[in-house]
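**Student:** Handing you a structure now.
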Amino acid sequence: MLVLLGEFMKFKSLVILSVLAVFGNCAELFNSGKDDNNDELLLLGLAAGQGCPTSAVTAPEAGTRINFEACAPLDTGLALSATGFQARSVTLSGGLVGTSGASNIVSLASRLSNVGGSKKATVEVVYRLNSATSWLAVHLIGTTNFNGPGFRLNATGPQKLVDTQPSALGTTSWPSSVNTDKTVCLEVHEEGAGAHIFGWQGACASVNRGVYEFEEEDVVIPSGLGGDRVGLILNGATVKSITIFTKNVGTAGSFLPGGF
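Counted from 1, the sequence shown has number 1155 at position 232 by the working numbering; the numbering is strictly sequential.
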């Protein structure tokens, strides 16, 4: 094992793939719980393409789509690390699957949709809920411990999140996402006295960018807006894909007096 592993480290991608085929069930190599194997695992995953597929999008703005339905079949933590996320208590099976409020991922680096000035973050998420009591939390401009603003997507409608605490966020109608795929386009801006939280049902490329379906302005965030990560908490939910944009989608002022 040690001789073969040493030889593996000297060769490039063809040898890497051969070693993967031979040692796919080797406990010493693929036990991601051992600290002394973490560097080797990450190198192995990156070199052999063991992440989740990504593709560039151009509409309505530039961004990157991550397809959780087609991730590499090795260790879940390794696949998500190679894709740019830290993961806890999730699996990859027809998408990114979580079973409780402890199931989450958070980006390893900044995922803002602007450079300079006030912070903005925009994502499109395709997901489904497993039951009427399931929910998906989407944190934008957040921290690694999920402080900051975001959304909680329930079977009956969206709520805003303030440092993980949900509260009302109105919308006209909300077809259920229980056992059926649903797509949402979500955005948060740093502005005014806090955060402007808004979004749409549907793909970002198909929504009316000048009219928000649900929103709230000047949402005060007690912990502040010091974060720059994107995070998901999957309480009985499956996420099929997430698209993270490099420029904001929303173009309208707020429905509330005073604009934005």
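We put the CB at the ideal spot given by N, CA and C, even for glycine.
Nothing here was measured: the structure is a model prediction, and the numbers come from that model.
Please state if the CB of Phe1168 and the CB of Thr1014 are separated by a distance shorter than 7 Å.
**Tutor:** no
**Student:** DSSP on Glu1136, reduced to helix/strand/coil?
**Tutor:** coil
**Student:** Please confirm whether Glu1061 and Gly1080 have their CB atoms less than 7 Å apart.
**Tutor:** Sequence check: residue 1061 is Val here, not Glu. The answer is no: Cβ separation not under 7 Å.
**Student:** Counting Cβ pairs, one atom from each stretch, are 3 or more of them under 8 Å apart for the stretch 1145-1158 and the stretch 1024-1034?
**Tutor:** yes
**Student:** Which same chain residues, not among the five before or five after Val1101, have their C-beta less than 7 Å away from its C-beta?
**Tutor:** Excluding five sequence positions before and after Val1101, the CB atoms of its chain that fall closer than 7 Å to its own CB belong to Leu1052, Ser1054, Ala1055 and Ala1078, given in chain order.
**Student:** Three or more C-beta pairs closer than 8 Å, one from the stretch 998-1009 and one from the stretch 1134-1150: is that the case here?
**Tutor:** no
**Student:** Please determine if the stretch 1137-1146 and the stretch 1109-1124 are in contact, where contact requires at least 3 C-beta pairs separated by less than 8 Å.
**Tutor:** Verdict: yes, contact present.
**Student:** Take the Cβ of Thr1166 as the centre, count every other Cβ of all protein chains shown within 10 Å, and call the residue buried at 16 or more, exposed below.
**Tutor:** Taking all protein chains in view, the Cβ of Thr1166 is crowded by 16 or more other Cβ atoms within 10 Å, so the residue is classified as buried.
**Student:** Would you tell me roughly how many angstroms separate the C-alpha atoms of Ala993 and Pro976, rounded to the nearest one?
**Tutor:** The alpha-carbon separation between Ala993 and Pro976 amounts to approximately 7 Å.
**Student:** Measure the C-alpha to C-alpha separation of Ser1164 and Ser978 and round it to an integer number of angstroms.
**Tutor:** 11 Å
**Student:** For Gly1065 and Val1172, I'd like the C-alpha separation in whole angstroms.
**Tutor:** 19 Å
**Student:** Give every residue of the same chain whose Cβ lies closer than 6 Å to the Cβ of Lys1170, excluding the five residues on either side of it in the sequence, and list them in chain order.
**Tutor:** Leaving aside the five residues that flank Lys1170 on each side, the residues in its chain whose CB is nearer than 6 Å to its CB run, in chain order, Glu984 and Ser1036.
**Student:** Can you tell me which of Val1162, Ile1120 and Glu1136 puts its alpha carbon nearest to the alpha carbon of Val1048?
**Tutor:** When only C-alpha atoms are compared, the closest one is Val1162.
**Student:** Quick one: Cα of Tyr1050 to Cα of Ser1096, how far?
**Tutor:** 18 Å
**Student:** Can you tell me the Cα-Cα spacing of Asn1131 and Leu1019, whole angstroms?
**Tutor:** 28 Å
**Student:** According to the neighbour-count rule (16 or more other Cβ atoms, all chains shown, within 10 Å of its Cβ), is Arg1011 buried or exposed?
**Tutor:** exposed
**Student:** For Asp1086 and Gly1133, what's the separation of their Cα atoms in angstroms?
**Tutor:** 28 Å
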